[in-house]
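To keep things clear, I will list the structure first and then write my remarks on it.
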Amino acid sequence: MAKVLTSREENYAQWYNDLVLKSGLAENSAVRGCMVIKPYGYAIWEKMKAELDRMFKATGHENAYFPLFIPKSFFSREADHVEGFAKECAVVTHYRLKNDEENGGLIVDPNAKLEEELIVRPTSETIIWNTYKNWVQSYRDLPILINQWANVVRWEMRTRLFLRTAEFLWQEGHTAHATREEAEKEAMQMIRIYAEFSEKFLGIPVVVGSKTESEKFAGAVETYTIEQLMQDGKALQGGTSHFLGQNFAKAFDVQFTNREGKLDHVWATSWGMTTRMIGALIMAHSDNNGLVLPPSVAPIQVVIVPIYRGDDQLPPIAEVATKIKKELVELGVEVKFDDRDTQKPGWKFAEYELKGVPVRIAIGPRDIENGTVELARRDTLEKKVVPQEGIASYIKALLAEIQENIYRKALTFRNTSTHRVDSWDELIDVLDNKGGFALAHWDGTRESEDRIKETKATIRCLPLDDEMEEGRCVVSGKPSKQRVVIAKAY
RNA sequence: CGGGAUGUGGCUCAGUCUGGUAGAGCACAGCGUUCGGGACGCUGGGGCCGGAGGUUCAAAUCCUCUCAUCCCGACCA
């Protein structure tokens, strides 16, 4: 097969980039740091979006939409929040262009300067809380359970397709509650939804945990995260859910009368997941032949490639292909019959492998004679000849098996790449040589955490589901109650 | 914002040192042979060499300025 991708072993970053471009997911645009998401990539996003949207609605959330622009003054209301985002905001200062009389072309009209600058949202807490203020008077107005699908802009210094772009697509949930307990429960519920989505839908195992003080979201009391492990041994934060306490309610003066007739500030959460998950999908499962997509997110689940010589061989093949396609569609499977005569079978095989189509069916004269088809699965690259009889239900079951296999493979990798370390030297050994997650004791202090950061790795999270265990911090030797996850991250 | 590099058909690059008719591979188009793992042959189309000045009989090549992009650091879903 002609080499179109750099191999993972050769250069992982290059492999990733080649893959995104060659498989037609996305490409760089004329605007620095902003990508064009191409139809195949967007189709994956639409699938993710549909599933998440379903999960959100099943837990009582509704969608709404808030403005792209946020008045600058809103940002300064919550101190930590400004601190966190100020350095990466795009700012609108003018509202008109005019012809340049001297040099030709267009210039910004200096007379069209805005009274107050507008910030292109890097996240919407501020504009949303400014709005919620008008919606909440009584505990009867609560809870507010809203999600928004939107684009946001964070002016990153260095960008990478899907993993870090200046503009990205995401959903952001923003909820308001009458009690602390209810808001905490909501934040926890949402991180669990993300975990389930990642494992069941994307086939990517996660560690659910909470962030340290220094890694928390700007303005949050508690940040929960799902940490995923990529094939190169680096961690990726896959989604976050924040318990915001009363910080934003206080900053935006959102008060309500509670059941006892007393005035109180509203309790809040926010949670988000982004197009970065497409990057995670690639880095978790794909190989040197191209994408490996779990059937659940694959825009094309099954492709049928006819093999024929001369136009007279095609009709009987097309007849069988069309019949199989119809049966599969009836079972809810997304099938493409690629009967283009402009590309050869070999070319198509390579192309669909690159695009990660889970199952490929090839039908040629031989199969017509024998009543068979050739089936190839993308995850294992296995090929076998099977009877046409009962093919649809066979494939339906095969897709479920592929989904499961992809997850199992990623889980095995994650487990064998997770190392318990009990000393600084062991930690360094994992970070420098082995890669993956290091489970180590940490004393909970900023000093020890900073020391760990000097290695370029960070404390990814304090796992929620691991059992507590007494131990000694690998940095200071002081007592610790729990192991934390340390890894280099994207 | 510090350090390094690069701008030449759609893409990857050669040509720049040593100035002298703009090249290759891929991609694209036509024709023919092919078609069970990215076919091959022949033919063809496509480039104010990032931009602006300058030196010269002559500039992709030398000089000055400028713009842009990429890589490495600090920031980050």
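First residue of the first sequence: 597, per my numbering; consecutive thereafter. Where a beta carbon is used, it is the ideal one built from N, C-alpha and C, also for glycine.
>> Determine whether the beta carbon atoms of V600 and V732 lie at a separation below 8 Å.
In response: Here residue 600 refers to the residue found at position 4 when the first sequence is read from its first residue. Here residue 732 refers to the residue found at position 136 when the first sequence is read from its first residue. V732 sits away from V600, with the two beta carbons spaced by 8 Å or more.
> Nearest-angstrom Cα distance between E725 and L648?
Replying inline: In the first sequence, residue 725 corresponds to position 129, counting from 1. In the first sequence, residue 648 corresponds to position 52, counting from 1. The question names Glu, yet the displayed sequence has Trp at residue 725. Spanning the two alpha carbons is a distance of roughly 23 Å.
>> The beta strand (DSSP E) that contains Y820, what's its start and end?
In response: Position 224 of the first sequence holds residue 820. Counting along the chain, the beta strand (DSSP E) containing Y820 begins and ends at 818–825.
>> Taking 8 Å as the threshold (C-beta atoms), are V955 and K932 in contact?
In response: The sequence position of residue 932 within the first sequence is 336, counting from 1. The sequence position of residue 955 within the first sequence is 359, counting from 1. The beta carbons of K932 and V955 sit no closer together than 8 Å.
> Under three-state DSSP, which class holds K645?
Replying inline: On the first sequence, position 49 is the one that residue 645 refers to. K645: helix per DSSP, three-state reduction.
> Could you check where the alpha helix (DSSP H) with P912 kicks off and where it finishes?
Replying inline: Taking the first residue of the first sequence as 1, we reach residue 912 at position 316. 910–926 is the span of the alpha helix (DSSP H), which, as asked, contains P912.
>> Would R776 and A762 qualify as a contact pair, given that the criterion is a beta-carbon distance under 8 Å?
In response: The residue given as residue 776 occupies position 180 in the first sequence. The residue given as residue 762 occupies position 166 in the first sequence. Going by C-beta atoms, R776 is not nearer than 8 Å to A762.
> When we look at the beta-carbon of T808 and count the other beta-carbons within 10 Å, is it buried (16 or more) or exposed?
Replying inline: Along the first sequence, one-based indexing puts residue 808 at 212. Buried, by the Cβ-count rule.
>> Assuming contact is defined by CB atoms lying nearer than 8 Å, are S720 and I787 in contact in what I supplied?
In response: As a first step, residue 720 is located in the first sequence; it is residue number 124 there, counting from the start. As a first step, residue 787 is located in the first sequence; it is residue number 191 there, counting from the start. Annotated as distal: S720 and I787, with beta-carbon spacing of 8 Å or more.
>> So if DSSP puts F933 in a beta bridge, which residue, or which two residues, is it bridged to?
In response: To locate residue 933, count along the first sequence from 1; it is residue 337. Within the DSSP bridge table, the entry for F933 names I900 as partners.
> So, are the CB atoms of V687 and E711 less than 8 Å apart?
Replying inline: For the purposes of this step, residue 687 is taken as the residue at position 91 of the first sequence. For the purposes of this step, residue 711 is taken as the residue at position 115 of the first sequence. Cβ distance not < 8 Å, so V687 and E711 don't count as in contact.
>> If I measure Cβ to Cβ from T602 and keep anything under 6 Å in the same chain, skipping five residues before and after, which residues do I get?
In response: Taking the first sequence and counting its residues from 1, the one referred to as residue 602 is at position 6. Correct list, in chain order: Q610, W611, D614.
>> Let's see if you can read the secondary structure: which residues bound the beta strand (DSSP E) around L765?
In response: Within the first sequence, residue 765 is the residue found at index 169, counting from 1. Annotation: the continuous beta strand (DSSP E) that includes L765 extends over 763–773.
> At what residues does the beta strand (DSSP E) containing K709 begin and finish?
Replying inline: By 1-based counting over the first sequence, the position of residue 709 is 113. K709: member of the beta strand (DSSP E) spanning 709–716, first to last residue.
>> Pop quiz: R872 and F793 are said to be a contact at Cβ under 8 Å. What is the actual Cβ separation, rounded to whole angstroms?
In response: Stepping through the first sequence from its first residue, residue 872 is reached at position 276. Stepping through the first sequence from its first residue, residue 793 is reached at position 197. The distance from the Cβ of R872 to that of F793 is about 13 Å, inconsistent with a contact at the 8 Å cut-off.
>> Helix, strand or coil, according to DSSP, for A807 in the structure here?
In response: If you number the first sequence from 1, residue 807 lands on position 211. Checking the displayed sequence, the identity of residue 807 turns out to be Lys instead of Ala. Residue state, collapsed to three classes: coil.
> What is the rounded straight-line gap between the Cα of V953 and the Cα of S619?
Replying inline: Indexing the first sequence from 1 puts residue 953 at position 357. Indexing the first sequence from 1 puts residue 619 at position 23. V953 and S619 have their C-alpha atoms spaced approximately 11 Å apart.
> Rounded C-beta distance between V802 and A791? I'm assuming under 8 Å.
Replying inline: Numbered from its first residue, the first sequence carries residue 802 at position 206. Numbered from its first residue, the first sequence carries residue 791 at position 195. Distance from V802 to A791 at the Cβ level is roughly 5 Å; contact confirmed, criterion being Cβ atoms closer than 8 Å.
>> So, with DSSP's three-state summary, where would you put M1064?
In response: If you number the first sequence from 1, residue 1064 lands on position 468. Shown here, M1064 sits in coil according to DSSP, grouped into three states, outside any helix or strand.
> Taking the runs of the alpha helix (DSSP H) that are 4 residues or longer, which of them lie wholly in the stretch 659–700?
Replying inline: Segments of the alpha helix (DSSP H) lying fully in the stretch 659–700: 668–671, 675–681.
> Do three or more CB pairs link the stretch 645–663 to the stretch 729–743 at distances below 8 Å?
Replying inline: A contact between stretches requires three or more CB pairs, one per stretch, nearer than 8 Å, and the stretch 645–663 meets this requirement with the stretch 729–743.
>> Tell me the rounded alpha-carbon separation between D1046 and M784.
In response: Translated into positions along the first sequence, residue 1046 becomes position 450. Translated into positions along the first sequence, residue 784 becomes position 188. Here the C-alpha atom of D1046 lies approximately 27 Å from the C-alpha atom of M784.
> Where are the beta strand (DSSP E) runs, 3 residues long or more, that stay fully inside the stretch 1013–1085, in chain order?
Replying inline: Correct list: 1014–1016, 1033–1037, 1054–1059, 1079–1083.
> For L971 versus Q897, is the C-beta distance shorter than 8 Å?
Replying inline: Position 375 of the first sequence, counted from the first residue, corresponds to residue 971. Position 301 of the first sequence, counted from the first residue, corresponds to residue 897. In terms of Cβ geometry, L971 and Q897 do not form a close pair [threshold 8 Å].
> Can at least three beta-carbon pairs, one atom from the stretch 899–911 and one from the stretch 1003–1014, be found at a separation below 8 Å?
Replying inline: Flag = no, the stretch 899–911 and the stretch 1003–1014 do not touch.
> Residues in its own chain within less than 7 Å of I991 by CB, not counting five upstream and five downstream?
Replying inline: As a first step, residue 991 is located in the first sequence; it is residue number 395 there, counting from the start. Excluding its 5 nearest sequence neighbours in each direction, I991 has C-beta neighbours in its own chain below 7 Å: V898, L924, V929, V955, listed in chain order.
> Taking the alpha-carbon positions, what's the E623 to K796 distance?
Replying inline: In the first sequence, counting from the first residue as 1, residue 623 sits at position 27. In the first sequence, counting from the first residue as 1, residue 796 sits at position 200. One C-alpha to the other measures close to 28 Å.
> If you draw a straight line from the C-alpha of D1061 to the C-alpha of Y1086, how long is it?
Replying inline: Locating residue 1061 in the first sequence gives position 465, counting from the first residue. Locating residue 1086 in the first sequence gives position 490, counting from the first residue. Cα to Cα, the separation comes out at about 23 Å.
> Which one of M826, H773, I715 has the shortest CA to CA distance from L1007?
Replying inline: Here residue 1007 refers to the residue found at position 411 of the first sequence. Per the Cα distances, M826.
> What is the DSSP secondary structure of V632, reduced to helix, strand or coil?
Replying inline: Working through the first sequence from its first residue, we reach residue 632 at position 36. For V632, the secondary structure class from DSSP, reduced to helix, strand or coil, is strand.
>> Using only CA atoms, which one of V678, S882, V1070, I1055 lies nearest to E1022?
In response: The sequence position of residue 1022 within the first sequence is 426, counting from 1. Ranking the options by Cα distance to E1022, first place goes to V1070.
>> Quick check on this structure: which residue in T1054, W766, L1035, I964 has the alpha carbon closest to the alpha carbon of E1043?
In response: If you number the first sequence from 1, residue 1043 lands on position 447. With distances taken between Cα atoms, E1043 lies closest to T1054.
>> Going by the DSSP bridge assignment, what does T871 pair with across the sheet?
In response: Reading the first sequence from its first residue, position 275 is the one you call residue 871. Per DSSP, T871 has no beta bridge partner at all.
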